[in-house]
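Trainee:
Numbering (my numbering), first residue to last: 1025 to 1223.
1. My parser needs the alpha helix (DSSP H) runs of 4 or more residues fully inside the region 1049–1115; what are they?
2. Tell me the DSSP secondary structure of residue 1166 in three-state form.
3. Quick one: is residue 1184 buried, meaning 16 or more other Cβ sit within 10 Å of its Cβ, or exposed?
4. Just to confirm the assignment, what range does the alpha helix (DSSP H) spanning residue 1135 have?
5. Is the region 1116–1129 touching the region 1192–1210, taking contact as three or more C-beta pairs under 8 Å?
6. Residue 1210: buried (16+ other C-beta within 10 angstroms of its C-beta) or exposed?
7. I'd like to check one pair, residue 1090 with residue 1137: are the Cβ atoms closer than 9 Å?
8. What does a CB cutoff of less than 7 Å around residue 1141 pick up in its chain, not counting 5 residues either side in sequence?
9. Tell me, to the nearest whole angstrom, how far the beta carbon of residue 1095 is from that of residue 1064; I am working on the premise that it is less than 8 Å.
10. Using only CA atoms, which one of 1195, 1121, 1099 and 1071 lies nearest to residue 1109?
11. Between the region 1037–1046 and the region 1064–1074, can you find at least three pairs of beta-carbon atoms closer than 8 Å?
12. Under three-state DSSP, which class holds residue 1189?
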């Protein structure tokens, strides 16, 4: 047991998410080099010591949006809120998946992608590849629930197309979540239509 008696256990990942969301605007405003832990702490309205309690260094703070812990929590939260729709209303489940994916991209992934590009090509590629692998596979699986006519070969092609679209969008700091959603939905409509024609 940790913490003071009678105090509920802290949700560390949720607190890290809150801090990151407060700090993320600094990445586009100042760039990685100009962000110090002191500046980040002021943005998050906490002490520098408190910030170090959640993030051991600036790199982990700025790349948190792409971290497995954050992405897993986002998925867990999504499933808790919308998982029942997979069986009862697959189309609503797909719509919720797109909403969740694009909202997470704007709030968490895009800022960390920008930070990763500042930190080097290798960092950018490895982190983005890991993040997209999980998210896109999950999205394709959801799409196939709604459109069972999409076969394995088409699913592979759809995965690649979604990956290309996401990489392009995430490198554009001006793109909005609504714009990304529209682009992804356009891809899905095209693949679903092709699958329906082939059936």
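Beta carbons: idealized from backbone N, C-alpha and C, even for Gly.
Mentor: According to the structure shown:
1. Considered as a whole, the region 1049–1115 harbours 1061–1067, 1072–1078, 1082–1086, 1092–1106 and 1109–1112 as its complete alpha helix (DSSP H) runs of no fewer than 4 residues, in chain order.
2. Working through the chain shown from its first residue, we reach residue 1166 at position 142. Residue 1166: helix per DSSP, three-state reduction.
3. Looking up residue 1184 in the chain shown gives position 160. Exposure of residue 1184 is indicated by the presence of fewer than 16 other C-beta atoms within 10 angstroms of its C-beta.
4. Residue 1135 sits at position 111 when you count from the first residue of the chain shown. Looking at the DSSP string, the run of the alpha helix (DSSP H) that includes residue 1135 is 1134–1143.
5. Inter-segment contact for the region 1116–1129 and the region 1192–1210 is present: three or more beta-carbon pairs are separated by less than 8 Å.
6. Here the question's residue 1210 lines up with position 186 in the chain shown. Counting Cβ neighbours within 10 Å, residue 1210 comes out exposed, since fewer than 16 surround it.
7. The residue given as residue 1137 occupies position 113 in the chain shown. The residue given as residue 1090 occupies position 66 in the chain shown. Yes, the Cβ-Cβ distance between residue 1137 and residue 1090 is below 9 Å.
8. Position 117 of the chain shown, counted from the first residue, corresponds to residue 1141. The answer, listed in chain order, is 1148.
9. By 1-based counting over the chain shown, the position of residue 1095 is 71. By 1-based counting over the chain shown, the position of residue 1064 is 40. The Cβ separation is near 21 Å, so there is no contact.
10. For the purposes of this step, residue 1109 is taken as the residue at position 85 of the chain shown. When only C-alpha atoms are compared, the closest one is 1121.
11. Judged by pairs of C-beta atoms under 8 Å, the region 1064–1074 touches the region 1037–1046, as three or more such pairs exist.
12. As a first step, residue 1189 is located in the chain shown; it is residue number 165 there, counting from the start. In this structure, residue 1189 counts as helix in the three-state DSSP scheme.
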